[in-house]
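Read left to right, the sequence shown gives residues -3 to 223 (our numbering).
What follows is a short report on a single structure.
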Amino acid sequence: MKILLVEDEEGLILTLTDRLRSEGFEVVSAKDGTAGFEAATAQKFDLILLDVMLPKKNGYDVCRDLRQQGIVTPVLMLTAKGETIDKVLGLKLGADDYLTKPFEVMELLARIEALLRRSPAKANGHSTAVFTFGEVSVDFKRATVAKEDSAVELSAMEFKLLQYLIENRGIVHSRDHLLDQVWGYDAMPSTRTVDVHIAWLRQKLEENPKRPQFIRTVHGMGYKFAE
Ligand code: CA
């Protein structure tokens, strides 16, 4: 397991690198946002620890740009105590979790474990982060979907919804939960929006959209992706 640590505090870099290595992780560090972004696009990591206040490019911008590049590596943001933490902004930009400094290393390790467990690459058992179901293959890294070897056009929201369902497959999600998780906290759309996007995904991906095998309705509860 390889971790990218983007952090400008020398002391913290040393402490965390030592500790993570002793836990068996491979650690690469970058001292500013630009270097961090470049490292994350040049090499494959299993997880990125990303400080918010960084020289050259802040953590929010790094996170947003990585997601725009289709890089789905889990991001755990590190914020200093007293910094205005905009959790909503960070989550909208694609961060997976937050930890406020100073933190206990045990707490950090627990968060890392949790993120690695639900990472798509890990869940699929492939380093390529490609998930297949039926005749469909989803490439999380490139944010592309193919059915029977031809490309399927998905909107950004359809892709996000599909990705969320796949990453959390087997779990039933209410429409409100999907709105929060996929559309974001300040999203205005109604739960009807969720139904519409689900219908579109089925139309594009399911063999028989009227009798979906993968994107399932759980009556009275919501939706789930079949395990
Ligand atoms: Ca910093």
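Glycine included, C-beta positions come from ideal geometry on N, C-alpha and C.
Given 7 Å as the limit, tell me if residue i has its C-beta closer than that to any heavy atom belonging to ligand 1.
| i | result |
| --- | --- |
| Met49 | yes |
| Asp28 | no |
| Glu6 | no |
Would you kindly report the start and end of the unbroken alpha helix (DSSP H) that includes residue i?
| i | result |
| --- | --- |
| Arg256 | There is simply no residue 256 to check, as the chain begins at -3 and stops at 223 in what is shown. |
| Asp57 | 55 to 64 |
| Gln159 | 152 to 163 |
| Ile67 | From DSSP, Ile67 is part of no alpha helix (DSSP H); its letter is neither H nor E. |
Would you give the residue range spanned by the beta strand (DSSP E) that residue i belongs to?
| i | result |
| --- | --- |
| Glu22 | 22 to 26 |
| Phe127 | 126 to 129 |
| Asp191 | Not the beta strand (DSSP E): Asp191 falls in the alpha helix (DSSP H), residues 187 to 201. |
| Ala76 | 71 to 76 |
| Lys(-2) | -2 to 2 |
| Asp47 | 43 to 47 |
| Val148 | 146 to 148 |
Please name the residue or residues paired with residue i in a DSSP beta bridge.
| i | result |
| --- | --- |
| Gly218 | Val214 |
| Thr96 | Thr75 |
| Thr30 | The partner list for Thr30 (beta bridge, DSSP) is empty, contrary to what the question assumes. |
| Thr140 | Asp135 |
| His169 | Tyr219 |
Please report the Cβ distance between residue i and residue j, rounded to the nearest whole angstrom; I am assuming they are in contact, meaning their Cβ atoms lie under 8 Å.
| i | j | result |
| --- | --- | --- |
| Thr37 | Gln65 | 6 Å |
| Leu72 | Leu43 | 7 Å |
Query - Given 8 Å, three or more beta-carbon pairs between the segment 49 to 59 and the segment 29 to 40 - result: Result yes; three or more Cβ-Cβ pairs closer than 8 Å.
Requested in this report: Spell out a yes or no on whether the segment 99 to 106 and the segment 128 to 139 are touching, meaning 3 or more CB-CB pairs, one atom from each, closer than 8 Å.
Outcome: Here the segment 99 to 106 makes no contact with the segment 128 to 139; the two share fewer than three CB pairs at distances below 8 Å.
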